[in-house]
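The sequence shown maps to residues 299 to 831 in our numbering.
The beta carbon of each residue, even a glycine, is placed where N, CA and C say it ideally should be.
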Amino acid sequence: MPSTFHGLETAKRAMFTQQSALYTTGHNVANANTPGYTRQRVEFTQTEPYPSAAMNRPDYPGQLGTGVKAGAIQRIREAFLDVQYRGENSKVGYWETKADTLQKMEEILNEPSESGLSHTIDQFWQSLQDLAVNPTNAGARSVVRQRGIALAETFNYLSDSLNGIKTDLKNEIKIAKDKVNSLLDQIAQVNAQIADVEPHGYLPNDLYDKRDLLIDELSSMVKINVDYVESGGDPAPGAMGQAVIKLANDAGGDMAVLVGPAGFNEIDITFGGPNGSVDFVKVGGKQIAFTDFDSQGQLKGLIEGFGYKVTEVLADGTTVDKVAGTYPDMLAELDNLAYTFATEFNKVHAAGMSPNEIAAGVNSDINFFADNLSANGSITSREGFASRIGISQDIKDSLDNIANAVQTNPGAPDGQAEADLGDMTNVLNLADVFNLDFDYGLNNEKASLRSYYESVIGDMAVESQEAIRLSQNSGVLRSAVEERRMSASSVSLDEEMTNMIKFQHAYNAAARMISLTDEMLDKIINGMGTGGR
Numbered sequence: 299m300p301s302t303f304h305g306l307e308t309a310k311r312a313m314f315t316q317q318s319a320l321y322t323t324g325h326n327v328a329n330a331n332t333p334g335y336t337r338q339r340v341e342f343t344q345t346e347p348y349p350s351a352a353m354n355r356p357d358y359p360g361q362l363g364t365g366v367k368a369g370a371i372q373r374i375r376e377a378f379l380d381v382q383y384r385g386e387n388s389k390v391g392y393w394e395t396k397a398d399t400l401q402k403m404e405e406i407l408n409e410p411s412e413s414g415l416s417h418t419i420d421q422f423w424q425s426l427q428d429l430a431v432n433p434t435n436a437g438a439r440s441v442v443r444q445r446g447i448a449l450a451e452t453f454n455y456l457s458d459s460l461n462g463i464k465t466d467l468k469n470e471i472k473i474a475k476d477k478v479n480s481l482l483d484q485i486a487q488v489n490a491q492i493a494d495v496e497p498h499g500y501l502p503n504d505l506y507d508k509r510d511l512l513i514d515e516l517s518s519m520v521k522i523n524v525d526y527v528e529s530g531g532d533p534a535p536g537a538m539g540q541a542v543i544k545l546a547n548d549a550g551g552d553m554a555v556l557v558g559p560a561g562f563n564e565i566d567i568t569f570g571g572p573n574g575s576v577d578f579v580k581v582g583g584k585q586i587a588f589t590d591f592d593s594q595g596q597l598k599g600l601i602e603g604f605g606y607k608v609t610e611v612l613a614d615g616t617t618v619d620k621v622a623g624t625y626p627d628m629l630a631e632l633d634n635l636a637y638t639f640a641t642e643f644n645k646v647h648a649a650g651m652s653p654n655e656i657a658a659g660v661n662s663d664i665n666f667f668a669d670n671l672s673a674n675g676s677i678t679s680r681e682g683f684a685s686r687i688g689i690s691q692d693i694k695d696s697l698d699n700i701a702n703a704v705q706t707n708p709g710a711p712d713g714q715a716e717a718d719l720g721d722m723t724n725v726l727n728l729a730d731v732f733n734l735d736f737d738y739g740l741n742n743e744k745a746s747l748r749s750y751y752e753s754v755i756g757d758m759a760v761e762s763q764e765a766i767r768l769s770q771n772s773g774v775l776r777s778a779v780e781e782r783r784m785s786a787s788s789v790s791l792d793e794e795m796t797n798m799i800k801f802q803h804a805y806n807a808a809a810r811m812i813s814l815t816d817e818m819l820d821k822i823i824n825g826m827g828t829g830g831r
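Okay, structure coming up:
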C-alpha cells in the first residue's frame, strides 16, 4: 500500500510546480515590452505512478498517481515564421535602400521645375531666339552668354551633387559592412554562451531570444539561411544548438558561411573596380564578384547605388571593365548629354562668324563651350565632362565673339572672309542644335537634346516608382508575417493574468491539500487508540 505521507508528497510537488509556473508567468509579464522576447511556458509532466510495473508488484488495483512536476520551460515560437520574416526582411532592406537612393537623385535633378536642367536648356534656347531677332544687340548677346554660363553651371552642379551622394554611399557601405561584422561577432558570442549551457541539460531561452533578435537584424542587411547543430554533452530535448548562418542568394542557395561553431567570417568590400567601384565581396577567405553577389539586403542596395564593376565582352572577343550602378549610370547620362551637346554646338558655332571675325576678315573657328580643366579649353574626354563643362575664354573675353552670321565667301583666305553683321542665320543654326537628333553614345539610338533628357528622367522616375512599390509590398508582407509571429510568441498581459489566477488557485488548492492531509495524519497519530480512556 502507498505511504501514509503519500498525500503530502503529492501536494508538495503540486505546490512547487505551480510556483514554478507562477515565476515563469512573472518573467513573461516583466518582459512584455522587451524587444525580441518570446513568451515562455512551463511544461507540466505527470510523475511516475505507484506502484511501478514489476513481476513482484503489490496486489493493488491499478496504479496510483503521485502528482506533477515541472518539465522544461519552453519558448512559444514557430521556426517557420522566423524563416518567412527574415526572407521578407531582406527584401524590405534592399528595396527601401534602393528607393532612398533614387529619392535623393530625384531631389537633386528636381524635374520638372523652374530650377532644373530642362528649364535651363529652354532658357538658353530662348536667348538664341531673342538674339536672332536682333543679332547686333549687345544686350541680347549678353543674355546668350549668361544663359550659356547658367547651362554649364547647372551641368556642373548636378554632376558634383550626384558625385557627393555617391561619396556618401561609399561611406554608408563601409558603415553597413561594419554593422554586419558586428552582428556576426555578437551572434558568434551568443553561440558560444549557448554551447556552454546546453550540454548541462538547461534551456537558455533568454540567450535564444537574444540570438534570434540579432539574426533578424542581420537579415535586413543580407539574405541568410540559418541551420542549427548540436552543442554536444547531454542537452535537453528542446535545445536548439548553435546557429550556423550562411550567406544566401535570391534562389535560396548558400554562397558562404558567415557564422558557425568555430566563430564567424568577416565580410569585406573591395573598391578595386573602375573609378573606385566595388569589384568583390569577401567572406573570410572566399572572394565573390559583386555581379555574383545576388543576396538582397541593405548592403546590396547601397553597392548598386554606389557602383560596381561589370565586364563587357566586345565584338572582337576582348573584354573591358566598366562601371554600372544607379549613380554611375546617371552621371554617365549627364556626361553623354553635356559632351554631345557641347561638341555639336561648337561645330555650328565654329563654322559661323562673329563681329570680331568679320572685322578681321578671318574665320578663326571660335568655340562657345570648353573643358574647364583642359589647358586650351579643348573638349577631348566624355567621361566626367558634365562636371567640367564651361564657357570658352573667347566668349568670356568679348560678346562680339558670339558667331551670329554665316560666311558668304567660303574658302576665302585669311583677311578676306566676309559675312553680314546683321545676319542671324548662324544663330538659327545654333538654335536648331537643340532639335536635331544625335547619337549620345548609348545603344546607337539618336534623339534630340530634350527627348534624350526626358527619356533619362522618365527611366529614373519609373525605376523610383518600382522601388517604392516593391518596398511597400515587401513591407506589407513582412508586417503580416510579423503579426502572425507576434500572435504566437509575444506576451499577452490578459492571458498572463488569466494564467496567474489559474496557477494561484492551483497553488492554494495544493496548500489546502497539505492542511487536509495534516488533519488526517493528526487524527491517525493523536486520535486513534484513545477509546475508553
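Listed in chain order, the non-local C-beta contacts of ARG439 below 7 Å within the same chain comprise LEU429, LEU697, ILE700, local neighbours out to five positions each way being set aside. Within 10 angstroms of the beta-carbon of LEU512 lie 16 or more other beta-carbons, which makes it buried. Excluding five sequence positions before and after SER662, the CB atoms of its chain that fall closer than 8 Å to its own CB belong to GLU655, given in chain order.
Taking a C-beta distance under 9 Å as the contact criterion, THR323 and MET798 qualify as a contact pair.
Among the bridge pairs identified by DSSP, ILE565 is matched with VAL581. PHE314: member of the alpha helix (DSSP H) spanning 304-328, first to last residue. Within the same chain, ASP514, SER517, SER518, ARG776 come within 7 Å of ASN387 by CB-CB distance, once the 5 residues on both sides are set aside. Beta bridge pairing from DSSP links PHE736 with ALA745. In this structure, ILE471 lies near PHE604, with their beta-carbon atoms less than 9 Å apart. When rounded, the separation of the alpha-carbon atoms in LEU556 and GLN540 is 13 Å. For ARG439, the enclosing alpha helix (DSSP H) starts and ends at 436-495. The alpha-carbon of GLU341 is positioned some 21 Å away from that of ALA809.
Shown here, MET538 sits in coil according to DSSP, grouped into three states, outside any helix or strand. Within the DSSP bridge table, the entry for THR395 names no partner.
DSSP places MET818 within a helical segment (H, G or I) once states are collapsed to three. Measuring C-alpha to C-alpha distances from ASN326 to each of GLN372, SER350, PRO535 identifies GLN372 as the nearest.
Counting every other CB atom within 10 Å of its CB across the protein chains shown gives GLU496 a total of 16 or more, marking it as buried. When beta bridges are read from the DSSP output, MET651 appears opposite ALA703.
CA-CA distance, ASN806 to ASP494, rounds to 38 Å. Taking the Cα positions, ASP458 is about 36 Å away from ALA546. Pairing TYR526 with GLU780 gives a Cβ-Cβ distance that is not under 9 Å. Non-local beta-carbon contacts of SER690 in its own chain, meaning distances under 8 Å to residues more than five positions away in sequence, involve ILE664, ASN665, PHE666, PHE667, ALA668, GLY675 in chain order. It is roughly 14 Å from the alpha-carbon of ASP820 to the alpha-carbon of MET811. For TYR500, there is no enclosing beta strand (DSSP E), as DSSP marks it with neither H nor E.
Cβ neighbours of ALA684 within its own chain (closer than 6 Å, five residues either side excluded): PHE453, SER457, LEU632, ASP633, ALA636. Per DSSP, the beta bridge partners of THR343 are LYS367. In this chain, the alpha helix (DSSP H) harbouring GLU602 covers 596-604. Under DSSP, LEU362 forms a beta bridge with TYR348.
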